[in-house]
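**Student:** Structure in structure tokens, see below.
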Amino acid sequence: MRHWLAPPQPAAGPPGTVNPAGAALAGMVHRLGEPSFVPGLLQELTPVLPAASWSVYRTGRRCKPTLFMSASLGVPDTTQDCWWAYLSGPYRRDSTWGRSFDDDAPVAPLTQLCHVTAQEVEGEHRARVYEAHGVAERVSVVDHEDDGSVFAVNFYRHQHQPPFRDRHLSGFESVAPVLLALARKHIQLSQGAAHSSFAAGSVALPPAPPGHVPAPSLPALRMRLLRTNDQLTDRELDVCARLLQGMTHEGIASDLGLSVPTVKTYRNRAFARLGIHFRNELFARVLGG
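The following block contains the structure:
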């Protein structure tokens, strides 16, 4: 695992030569604020850093974990699944950023680069996020913010790809500060646009037919539950999300491969964390407003 400071600006190539980093950045700037920015950025960046997926998110003890954007290139897009797996517990103990989320006092803001392989990631985090989704390596440019949270722009190598080489890391280092600025600007532009997919850090749902109110998906319900209480465990989220979809204890047990008493145990633990006693209180707390 390696952490180092970001350079102040992209490195310029010799006069008269084609600079892959400069060409990549030009393509990204051209897409900025457009729907093609998120899916197209990996393609633009490939000559510099051949990553298969990327994500932009904020995480930490003093903020609501938020995924702003993500996409994949050449592989099935599992970035949303990775995010849910990360939120299921590993984010609270993520030690890959070079600074601990456990520090009580705010830290000085700092922009840093991070390179980590799957083997260097803690066991549960590695199993749930990296191994479960075929991710082998990550490079990030990270703003450590004064409340102790991190705003991270991440690029991932998947297991079917050869390892990142020194020239890839060097190329990423040369464009990292601009990538960080572009990500922040794209979020700002997208949040200001009507019907933005990134407003409040959420993914926009498709419009419902007239007169029909669609049931929230399990991922959407898990996010609402986490916003209500971020101490809920993975299984507690699984059970409560299904309760909110109207499933019976027997149906939840069958769906999750658990016994009915085990489902009720997770329900009771979750209700205790939420300070409620009945299912109708769960609906009121999570879906009432």
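Heads up, the sequence shown is in this note's numbering, so the first residue is 1 and it goes up one at a time. All C-beta atoms in this analysis are idealised placements derived from N, C-alpha and C, irrespective of residue type, glycine included. These figures come from a predicted structure and were not determined experimentally.
1. By alpha-carbon positions, which one of Cys240, Pro163, Gly123 ends up nearest to Ser217?
2. Please work out which residues of its chain come closer than 6 Å, Cβ to Cβ, to Phe278, disregarding the five sequence neighbours upstream and downstream, and give them in chain order.
3. Would you kindly report the start and end of the unbroken beta strand (DSSP E) that includes His3?
4. If distances are taken between C-alpha atoms only, which option among Arg224, Leu258, Arg269, Thr233 comes closest to Lys64?
5. From the DSSP secondary-structure annotation, give me the bridge partner or partners of Asp143.
6. Between which two residues does the alpha helix (DSSP H) carrying Met247 extend?
7. Can you find the residues in the same chain that come closer than 6 Å, C-beta to C-beta, to Arg235, ignoring five residues on each side of it along the sequence?
8. Report the rounded CA-to-CA distance for Leu282 versus Leu226, giving the unit in angstroms.
9. Rank Gln245, Trp4, Gly74, Ile252 by C-alpha distance to the C-alpha of Arg157 and give the top, closest one.
10. For Arg165, tell me which candidate among Val139, Gly134, Thr262 has the shortest Cα-Cα distance.
11. Going by DSSP, what residue range makes up the alpha helix (DSSP H) through Ala71?
12. Smallest Cα separation from Leu274: which of Ser55, Asn229, Pro177, Thr46?
13. Applying the 10 Å Cβ sphere with the 16-neighbour rule, what's the burial state of Met1?
14. Between the segment 52 to 71 and the segment 138 to 155, are three or more C-beta pairs nearer than 8 Å?
15. For Glu122, which of helix, strand or coil comes out of DSSP?
16. Quick test of the definition: if touching needs 3 or more C-beta pairs under 8 Å, does the segment 170 to 187 touch the segment 83 to 91?
17. Are the segment 125 to 137 and the segment 19 to 39 in contact at 8 Å, needing three or more beta carbon pairs?
18. Could you name the residues of the same chain whose beta carbon sits closer than 7 Å to that of Lys185, not counting the 5 residues immediately before and after it, in chain order?
19. Verify whether the separation of the beta carbon atoms of Ser72 and Ser95 is less than 7 Å.
20. How should Asn154 be labelled, buried or exposed, when 16 other C-beta atoms within 10 angstroms of its C-beta is the threshold for buried?
21. Run through DSSP, which three-state label would Tyr266 get?
22. May I ask you to list the residues that DSSP assigns as paired with Glu137?
23. Does the Cβ of Pro207 have 16 or more other Cβ atoms within 10 Å, making it buried, or fewer, making it exposed?
24. Please list, in chain order, all residues of the same chain as Asn268 whose beta carbon is under 7 Å from its beta carbon, the five residues on each side excluded.
25. Is DSSP giving Trp54 helix, strand or coil here?
26. Measure the alpha-carbon distance for Pro177 versus Gly171 and round it to whole angstroms.
27. Label Phe198 either buried or exposed according to how many other C-beta atoms from any shown protein chain fall within 10 Å of its C-beta, with 16 as the threshold for buried.
28. Tell me which residues share the same chain as Gln159 and place their Cβ nearer than 8 Å to its Cβ, disregarding the 5 neighbours each side in the sequence.
29. By DSSP, does Thr59 sit in helix, in strand, or in coil?
**Tutor:** Answer, in terms of the structure:
1. Nearest to Ser217 by C-alpha distance, out of Cys240, Pro163, Gly123, is Cys240.
2. Shown here for Phe278: not one same chain residue has a beta carbon closer than 6 Å to its own, the five before and five after excluded.
3. Run containing His3: 2 to 5, per the beta strand (DSSP E) assignment.
4. That would be Arg224, whose Cα lies nearest to the Cα of Lys64.
5. For Asp143, the pairing in a beta bridge is given by DSSP as Thr111, Phe151.
6. Bounds of any alpha helix (DSSP H) do not take in Met247, whose DSSP letter is neither H nor E.
7. Here Arg235 has Tyr266 as same chain residues with Cβ atoms under 6 Å from its own Cβ, once five neighbours each way along the sequence are excluded.
8. One C-alpha to the other measures close to 13 Å.
9. Distances from the alpha-carbon of Arg157 to those of Gln245, Trp4, Gly74, Ile252 put Gly74 closest.
10. Distances from the CA of Arg165 to each of Val139, Gly134, Thr262 were compared; the closest alpha carbon is that of Val139.
11. Unbroken run through Ala71 is the beta strand (DSSP E), 66 to 72; no alpha helix (DSSP H).
12. It is Asn229 whose Cα lies nearest to the Cα of Leu274.
13. Around the beta carbon of Met1, fewer than 16 other beta carbons lie within 10 angstroms, which makes this residue exposed.
14. Yes: at least three Cβ pairs fall under 8 Å.
15. Note: Glu122 maps to coil in three-state DSSP.
16. With a cut-off of 8 Å on Cβ pairs, the segment 170 to 187 is not in contact with the segment 83 to 91, counting fewer than three such pairs.
17. Using a Cβ-Cβ distance cut-off of 8 Å, the segment 125 to 137 and the segment 19 to 39 are not in contact, since fewer than three pairs of beta carbons, one from each stretch, lie closer than that value.
18. Cβ within range, chain order: Leu32.
19. In this structure, Ser95 does not lie closer than 7 Å to Ser72 by Cβ.
20. Flag for Asn154 reads buried.
21. Three-state result, Tyr266: helix.
22. Answer is Thr117, Arg157.
23. With a pLDDT of 40 at Pro207, under the threshold of 50, the modelled position of that residue is not reliable, and the figure given next carries that caveat. With fewer than 16 other Cβ atoms within 10 Å, it is exposed.
24. Around Asn268: no qualifying Cβ.
25. If DSSP states are grouped into helix, strand and coil, Trp54 belongs with the strands.
26. Approximately 12 Å, taken between the alpha carbons.
27. Because the pLDDT of Phe198 is 34, which lies under 50, any placement of that residue in the model is unreliable, and the number read from its coordinates should be weighed accordingly. Buried, by the Cβ-count rule.
28. Hits under 8 Å: Gly134, Val135, Ala136.
29. Residue state, collapsed to three classes: strand.
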